[in-house]
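Participant: I'd like to ask some things about the structure below.
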Amino acid sequence: MNAPNIEYGMLGPILIILGAALIGVLIEAFVSRKYRYVLQVGTSFAAVALAFLQLFLIRHTSSKAAVGSMSIDGAAIVLQGSVLIFGFLGLLLIAERGFQSFTAQAAAIPGSNEEQKALVSGLQQTEVFPLTLFAISGAMLFPAANDLLTLFVSLEVLSLPLYLMAGLSQRRRLLSQEAALKYFLLGAFASAFFLFGSAFIYGQAGSTTFDGIRKSIVESGGSDQFLLVGLALLTVGLLFKVSAAPFHAWTPDVYQGSPTPITAFMAAVTKVAAFGAAIRIYYFAVGGLVWSWRPILIAISIATMAIGTVIAIAQKDVKRVLAYSAIAHSGFLLTGIIALSKDGLNATLIYLFTYGFTTIGTFAILTLVRDSGGEVSDLNRWVGLGKRSPLVAATFTLFLLGLAGIPLTSGFVGKFAIFSAAYKSGNISVVVAGVLASAIAAFFYIRIIVMMYFSDPVEDGTSVVIPSKVTVAAIAICAVATLVMGIYPQPVISAINSLAFFAG
Amino acid sequence: MNSLTILGLLPLVGSAALFLLPKGSDLLAKQVALGVSIVVAIAGLGMAFSFDRSVTGFQFVEKHQWIPAFGINYALGVDGISLLLILLALVLTPIVILACWNEAEGGRWSVKNFFGLILILETMIVGVFAATDIFLFYVFFEAMLVPVYFLIGGYGTGEKAAAAVKFLLYSLFGGLLMLASIIGLYVISGNQLKAPTFDITELSQLSIDPVTQRMLFLGFFIAFAIKAPLWPFHTWLPDAARAATPGTSVLLLGVLDKVGTYGMIRFCLSLFPEASKEFGPTIIVLSLISIFYGAFLAISQGTSSGDGNIKALISYTSISHFGFITLGIFAFTEQSHSGATLYMINHGFSTAALFLIAGWMISRRKSERISDFGGLQRVTPIMAWSFFIAGMSSLALPGLSSFVSEFLVLVGTFARYPIPAIIGTIGIIFAALYILIPVQRALHGPIAPGNENLTDLTLREKVAIAPVIAVIIFFGFYPQPLLDVINPAASATLSALEITGITGGK
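Same order as they appear, the protein sequences are chains A and B.
Each residue of the first sequence is one higher than the one before, starting from 385 at the first, in our numbering.
Each residue of the second sequence is one higher than the one before, starting from 820 at the first, in our numbering.
Here it is, written out as structure tokens:
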């Protein structure tokens, strides 16, 4: 029996990140505490840079890898590149040491002596770096998986570190632990659905690879009910990850409870990974069943937009507003899948790429507004920010306008691309719903802008802290990306359009 | 670079210079703003003289690729209609800056930012009227909201933040509906032409099936009806006009809202001729309702014993005037079209005069109530007479500019729709009421307590208002230069509509 042929070059980017994550674990175990932070940061950034370089070198690859269980093609490479960039930005925020976002000792019970001791002794988390790298590797694997089992494994590699990271917040520990537990339980539940669905599909198709499923649908005509049941269950699992209604309930709690740098990372990276995987499944594996899944996704897309935008209006916490906005954006992104066309694929990748920068930037700003007890996410205490810190308020305004999809920001380009793809495919109902939802969404984004600019500041100790260079760098990159891709998106669009193909 | 780009960039450069000025250099900021806007106005007028009236279609055309992946171009060009609207904006901007010299002092932000925002707005206005690529138009259409939002919310009075948000949300909502239609046009152009495009000339050659055409028309029309504002989409306007400073109101009602009526001509009619014909009668009814609704509300402000608000009154009169404009547009005759376009220009000047003088009255009297202004004619005769002339123009007194346009609209409408034209004519009677009642109460009559020591217009204010009054009187007697520019564009629009038979003759 021959050992399977592994294409190390094509899998290189993922392997580099995974290797660095393992090195990170070793650093945590063997290096003295004094040097850990520097080493972890160095390893993480070096790994991301190397992986990106390798990805750039293989950018014209388009073939299956690892015995057909992976597909390293243009679409996967764009998605992996996006994951790496957003992972890099997330790492910049995580590397910020000034804010003590992370608990000194995650295992300590909130309020216990143990925790107190850990705090006093000045412990600082560094295991968050290898965890982040593991999550990045999972997120890179997820959109490239070409086999239901690989997909499931990568889903877990992506999710497990995130469950942990959600619970690492130093302030409001209970909320953070609650978030972690909720995320874990619901995530496990969704994984079970996913696995159950995979079993059904395997039962009908006789294969777990996407190529096998695709072939069996062509042969059987796609009328087998086991296949449909399997697809339905699989859809539940995927929709949970992209936080589409009615599987979105975890999102606000997890976004709110997690340390904000983690929220930023999660919001951008999981969205890219999950939509990347979803689009490969719906376009490539079960594209032949479009008449079965399209009506359901249309309904879910509209419901997600409606729930995300309407409930966001009633929120009083900035993080929860942004969580509901993330839900609404999932609704918009689903229209790209519904389109089922080359335009839809292009548009989804463009949307994900632009959205990631804006959303990381938004959360990065959130880490700056603080009082003595940590971050201030109560919307009412953001009033008058424009007067107190004009630059921060202006940058935040830019990000909010980007999320709202106002012209000359990158959000508009994504929105235009995705809606025109959906319109072109004849699904005008989702376009109309999307446009109306955008109008509602504009309301709550603008409400935040109004609070920052048109109300006088109240003296309650809320202030904007001066961040260190890493956070400044992250915010600056995100702001420039939001603006430049809004004004001159052509290079990004044409690069993505020329790459975005699935290997047949 | 082409002349239109330079014209649009100049104010932007000026505003950048203003923002860079150090704190406290308010006077310098004002002088720079005024200087820049005067230079731009002169440049614009100079451009107008090289405009060839004998040619139909766009002139000063320029076109550069912007986002080729979507077929989007940076494409500018003007025909008679857009040229005049740009000129209106360019002429009014320095007047507003001069007239509102001290208007920004009580604002939330610095004085230089106020004038900086006005210059940014000027850039957006040039862009929105000059864009010949629908996508570019949409970008300016939305981007324009931002400076206005800050001008109202940052420097207004009363419920300014609420008014600013209301304005923004209404406009955004309309804009998003238009976006859906734009996407539709883009997709259809991709199916019918070699490549998808946003070029307005190419798009007007599409043949769109009636059902789709109706939907797309409505997307554009509602956006423009909100902007114009046409009843029942008008409810943001009184709040905004009441909260905004007089200078902002001039730019908002005098110039910006014309984007709505301009858009109807440029986009609704030329892109969706069948749907326009189909919806025409309905829109005529809405226009008539606007004429009377605006007039009644204005009269009720004028006659209410205690709290009639002068800014609200002027904004209601504008709703009535916009009713005339849309009436002229959707009557589809050459006269009514020329009249409607001329009306846009004249309304710009007469509303500017009304708002500016009202603003001076308010700042002197520290009140917006009409009943507080009694006897101004005896205390401040120049101010009172200027207001009187502006008011007379607003009610379309023969000899003043609005008369010509209102007459053309009604005569032109009569040729196609006699009964609406007659009903519209009755609206003029109410116009007389809503102007004469406040004129009588505010300017004539006994001197209201507190008015005895009011000062008349200063030299700066006289210099600001004189050109407006001069324009109102000049074009009242001799509108031909404007009509010469408008008529070819109007007949080009109509010939695109392929309506023959009733054209009314000149």
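Idealized CB from N, CA, C, for every residue including glycine.
Between the beta-carbon of B/Thr1232 and the beta-carbon of B/Leu1301, is there less than 7 Å?
Facilitator: Not closer than 7 Å, so no.
Participant: With DSSP run on the structure shown, which of helix, strand or coil describes B/Leu895?
Facilitator: Three-state DSSP puts B/Leu895 in a strand.
Participant: Taking only beta-carbon positions, decide if A/Ser878 is within less than 7 Å of chain B.
Facilitator: Judged by the 7 Å Cβ criterion, A/Ser878 is in contact with chain B.
Participant: DSSP has B/Gln884 in a bridge; who is on the other side?
Facilitator: B/Asn892.
Participant: Can you tell me whether B/Gly1158 is helix, strand or coil according to DSSP?
Facilitator: Reduced to three states, the DSSP call for B/Gly1158 is helix.
Participant: Counting only Cβ pairs nearer than 7 Å, list the residues of chain A close to B/Ala888.
Facilitator: Near B/Ala888 (Cβ distances below 7 Å), the residues of chain A are Gln874, Ile877, Ser878 and Asn881.
Participant: Pop quiz: A/Thr427 and A/Ile401 are said to be a contact at Cβ under 8 Å. What is the actual Cβ separation, rounded to whole angstroms?
Facilitator: A/Thr427 to A/Ile401, Cβ: 11 Å. No contact.
Participant: Are A/Gly799 and A/Asp727 closer than 7 Å when you measure CB to CB?
Facilitator: Here the sequence assigns Lys to residue 799 of chain A, which means Gly is not the residue at that position. No, the pair does not count as a contact, with Cβ atoms beyond the cut-off.
Participant: Using a Cβ cut-off of 7 Å, which residues of the stretch 807–835 of chain A contact any Cβ in chain B, in chain order?
Facilitator: Flagged, chain order: Tyr807, Lys808, Val815, Val816, Val819, Ser822, Ala823, Ala826, Phe827, Ile830 and Val834.
Participant: Quick one: what's got a C-beta closer than 7 Å to A/Ile390's C-beta in the same chain, skipping five residues either side?
Facilitator: Excluding sequence neighbours, A/Ile390 sits near Ala450.
Participant: Which value, in whole angstroms, describes the spacing of the CA atoms of A/Ala628 and B/Leu917?
Facilitator: Cα to Cα, the separation comes out at about 54 Å.
Participant: For the stretch 1023–1056 of chain B, which residues have a beta carbon sitting closer than 7 Å to at least one beta carbon of chain A?
Facilitator: Here the close residues number zero.
Participant: With a threshold of 7 Å on Cβ separation, who are the neighbours of B/Ala764 within its own chain once the five nearest residues in sequence on each side are excluded?
Facilitator: Nothing about residue 764 of chain B can be read from this structure; chain B reaches only from 820 to 1325.
Participant: Pull up the distance between the alpha-carbon of B/Ser844 and that of B/Asn921, whole angstroms please.
Facilitator: C-alpha separation (whole angstroms): 14 Å.
Participant: For B/Lys1185, which three-state DSSP category applies?
Facilitator: It is coil, neither helix nor strand.
Participant: Within its chain, find whatever has a CB closer than 6 Å to the CB of B/Gln1053; leave out the 5 residues flanking it on each side and keep chain order.
Facilitator: Rather than Gln, the amino acid found at residue 1053 of chain B in this sequence is His. Here the set comprises Ile1138.
Participant: What in chain B is Cβ-close to A/Ile790, meaning under 7 Å?
Facilitator: The contacting residues are Glu961.
Participant: Using a Cβ-Cβ cutoff of less than 6 Å, which residues in the same chain neighbour A/Gly581 once the five nearest sequence positions on both sides are dropped?
Facilitator: Closer than 6 Å at the Cβ level, and outside the excluded window around A/Gly581, lie Gly614, Leu617 and Leu618.
Participant: Within 10 angstroms of the Cβ of B/Phe954, are there 16 or more other Cβ atoms? Answer buried if so, exposed if not.
Facilitator: Label assigned to B/Phe954: buried.
Participant: If A/Leu539 and A/Phe526 are in contact, beta carbons under 8 Å, what's the gap, nearest whole angstrom?
Facilitator: Between A/Phe526 and A/Leu539 the Cβ distance is about 6 Å, and since that is below 8 Å, they are a contact.
Participant: Select from A/Gly596, A/Phe741 and A/Phe659 the residue whose C-alpha is nearest the C-alpha of A/Ala648.
Facilitator: For the residues A/Gly596, A/Phe741 and A/Phe659, the minimum Cα distance to A/Ala648 belongs to A/Phe741.
Participant: What does DSSP give as the partner residue(s) for B/Asn1128 in the beta ladder?
Facilitator: Paired residues: B/Arg1188.
Participant: Would you please verify whether the beta carbon of B/Phe948 is less than 7 Å from any beta carbon of chain A?
Facilitator: No, B/Phe948 does not count as interfacial toward chain A.
Participant: List, in order along the chain, the chain B residues whose C-beta lies closer than 8 Å to that of A/Tyr739?
Facilitator: Under the 8 Å cutoff, chain B gives no residues; its nearest Cβ is about 18 Å from A/Tyr739.
Participant: Mind checking whether the beta-carbon of A/Phe414 lies closer than 6 Å to any heavy atom of the ligand COA?
Facilitator: Absent from the structure shown: the ligand COA. Ligands present: none.
Participant: At which residue ranges does the stretch 783–826 of chain A contain complete beta strand (DSSP E) runs of 3 or more residues, listed in the order of the chain?
Facilitator: Listed in chain order, there is nothing to give.
Participant: Starting from the C-beta of A/Leu515, find all residues in its chain whose C-beta is less than 7 Å away, skip the five residues before and the five after it, and write them out in chain order.
Facilitator: Once the five neighbours on either side are set aside, the close Cβ partners of A/Leu515 are Pro545, Leu548 and Met549.
Participant: Indicate the three-state DSSP secondary structure (helix, strand or coil) for B/Thr1244 in the structure shown.
Facilitator: It is helical.
Participant: DSSP has A/Met454 in a bridge; who is on the other side?
Facilitator: Per DSSP, A/Ala449 and A/Ala529.
Participant: Pick from A/Val848, A/Ala884 and A/Ile790: whose alpha carbon is nearest that of A/Gly870?
Facilitator: Among A/Val848, A/Ala884 and A/Ile790, the Cα nearest to that of A/Gly870 belongs to A/Ile790.
Participant: Using a cut-off of 8 Å between C-beta atoms, extract the partners of B/Ile1002 located in chain A.
Facilitator: Ordered by position in chain A, the residues that pass the 8 Å Cβ test against B/Ile1002 are Phe800, Phe803, Ser804, Tyr807 and Val815.
Participant: Short of 9 Å Cβ to Cβ, which residues in the stretch 666–682 of chain A face chain B?
Facilitator: Against chain B - using a Cβ distance shorter than 9 Å - the stretch 666–682 of chain A contributes no residues.
Participant: At 8 Å on the CB atoms, spell out the chain B contacts of A/Phe885, in chain order.
Facilitator: Result: empty, since nearest Cβ-Cβ is about 16 Å, beyond 8 Å.
Participant: Which class does B/Gly969 belong to by DSSP, given the choice of helix, strand or coil?
Facilitator: A quick correction: the sequence has Phe, not Gly, at residue 969 of chain B. Reduced to three states, the DSSP call for B/Phe969 is helix.
Participant: Can you pull the chain B residues whose beta carbon is under 7 Å from the beta carbon of A/Phe526, in chain order?
Facilitator: Within 7 Å Cβ-Cβ: nothing; A/Phe526 doesn't reach chain B, min ~27 Å.
Participant: To the nearest angstrom, how far is the alpha carbon of B/His1140 from that of B/Val1223?
Facilitator: The alpha-carbon atoms of B/His1140 and B/Val1223 are separated by roughly 14 Å.
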